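Scroll down for the structure; my scribbles are underneath it.
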Amino acid sequence: MTDYANEPAVANLRDYLRIRSVHPNINYNECLTYLRRQAVELGLPVQVVEAVPRKPVLVMTWEGLEPNLPSILLNSHMDVVPVFEKSWTYPPFEARIVDGVIYARGVQDMKTTGVQYIEAVRRLKSRGIRLKRTLHLSFVPDEEVGGHNGMSEFVKTDHFRNLNIGFALDEGLASPDDNFVVYNAERSIWHVTVTCPGK
Amino acid sequence: KTDNTNPYWVAFKSVADEMKLKLDCRIFPGGTDSRYVRRVGIPAIGFSPMNHTPILLHDHDEFLRADIFLRGIDIYVKLIPAVANV
Chain A
7 MTDYANEPAV ANLRDYLRIR SVHPNINYNE CLTYLRRQAV ELGLPVQVVE
57 AVPRKPVLVM TWEGLEPNLP SILLNSHMDV VPVFEKSWTY PPFEARIVDG
107 VIYARGVQDM KTTGVQYIEA VRRLKSRGIR LKRTLHLSFV PDEEVGGHNG
157 MSEFVKTDHF RNLNIGFALD EGLASPDDNF VVYNAERSIW HVTVTCPGK
Chain B
7 KTDNTNPYWV AFKSVADEMK LKLDCRIFPG GTDSRYVRRV GIPAIGFSPM
57 NHTPILLHDH DEFLRADIFL RGIDIYVKLI PAVANV
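In order, the protein sequences belong to chains A and B. Just so you know, our numbering puts 13 at position 7 of the first sequence, and the rest follows in order with no gaps. Just so you know, our numbering puts 37 at position 31 of the second sequence, and the rest follows in order with no gaps.
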């Protein structure tokens, strides 16, 4: 069995998974600290936008050779849904590796994707590759509670418009079989509020 | 759109074909941040490179094999330049 714990990308992922950015009432400061460190390592500038107070959006930017072209957005969210800790075989914020498998809240949804973007950029940069279009890596808050204080507000800002995005990637889902699933649309979400006044 | 009118999709698909990734295009069963991005007119694809993985988001014992994670990095190393060099 490969010792994945010594793999730098795996170690980096586990650091992110150990941050308890779990609902409710998330303080995103620890995520920002982690992501700023990543950006320093990658040599990329960072901007933090608070379209809603205490709901920061962090954007790392890798300028392309033709920065006037529409850019590419690689988006991921920093928050994760709550846990029933007693129902877990291993502690959900320890990111334990057992037989080559990482157990953690957020390992599928979707801290892994954010780290994969970072690690891919790290590898491309280390090979001296430059891209034609500018790449923006955005890390947004509160997707799991509907994004109303996160991406929903961020897209309305001048800051977002100035990113001049032409195409975006975001999370999909795991697939139990050989296929990779790609989503080009979503169902409409209709939240219904049920009020039970009691007796 | 996942057809020839979207040059980014064409680039995405051609890299997937080159890497022999079997793609399955669907409507996402829930809602993600992509809906806000699409609403302002930007084409967006939902993709997490996790095959051979049971769907455990929001569940107890959410897990991912480390080799699937590392393979995902390899995939993005090809995918990102493809869409960024359109």
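We put the CB at the ideal spot given by N, CA and C, even for glycine. Computed from a predicted model, the values in this text were never measured in an experiment.
Annotation: Cβ neighbours of A:R129 in chain B (cutoff 8 Å, chain order): I79 and V83. Boundaries around A:I78 are those of the beta strand (DSSP E), S77 to H83, since no alpha helix (DSSP H) includes it. Sequence-ordered contacts of the segment 100-116 of chain A with chain B read I103, G106, V107, I108, Y109, A110, R111, G112, V113, Q114, D115 and M116 [C-beta pairs closer than 8 Å]. In this chain, B:E68 is not harboured by any alpha helix (DSSP H), its DSSP state being neither H nor E. For the set A:L169, A:G178 and A:V127, the Cα lying nearest the Cα of B:A88 is the one of A:V127. Just measuring C-alpha positions, the residue of A:S82, A:D85 and A:V113 sitting nearest A:P97 is A:V113. At a cut-off of 8 Å, the C-beta of B:N10 has no neighbouring C-beta in chain A.
In the three-state scheme derived from DSSP, where H, G and I count as helix and E and B as strand, A:N74 is classed as coil. Spatial neighbours of B:F18 in its own chain (CB-CB distance under 7 Å, excluding positions within 5 residues in sequence) are listed in chain order as I51, L85, A88 and V89. In the structure shown, A:H154 falls within a coil segment according to DSSP collapsed to helix, strand and coil. Scanning the segment 88-121 of chain A from its first residue to its last, the whole beta strand (DSSP E) runs of 3-plus residues come out as 102-104 and 107-109. Proximity of the segment 174-185 of chain A to the segment 19-35 of chain B meets the contact definition, three or more beta-carbon pairs being nearer than 8 Å.
In this structure A:T119 is buried. Its beta-carbon is surrounded by 16 or more other beta-carbon atoms within 10 angstroms.
DSSP places A:L141 outside any alpha helix (DSSP H); the residue lies instead in the beta strand (DSSP E), whose first and last residues are L141 to V146. Here DSSP, grouped into helix, strand and coil, assigns A:A174 to strand. Per the C-alpha coordinates, the member of B:M56, B:D67, B:L62 and B:L63 positioned closest to B:D73 is B:M56. Fewer than three Cβ pairs drawn from the segment 13-25 of chain A and the segment 70-81 of chain A lie within less than 8 Å of each other, which leaves the two stretches out of contact.
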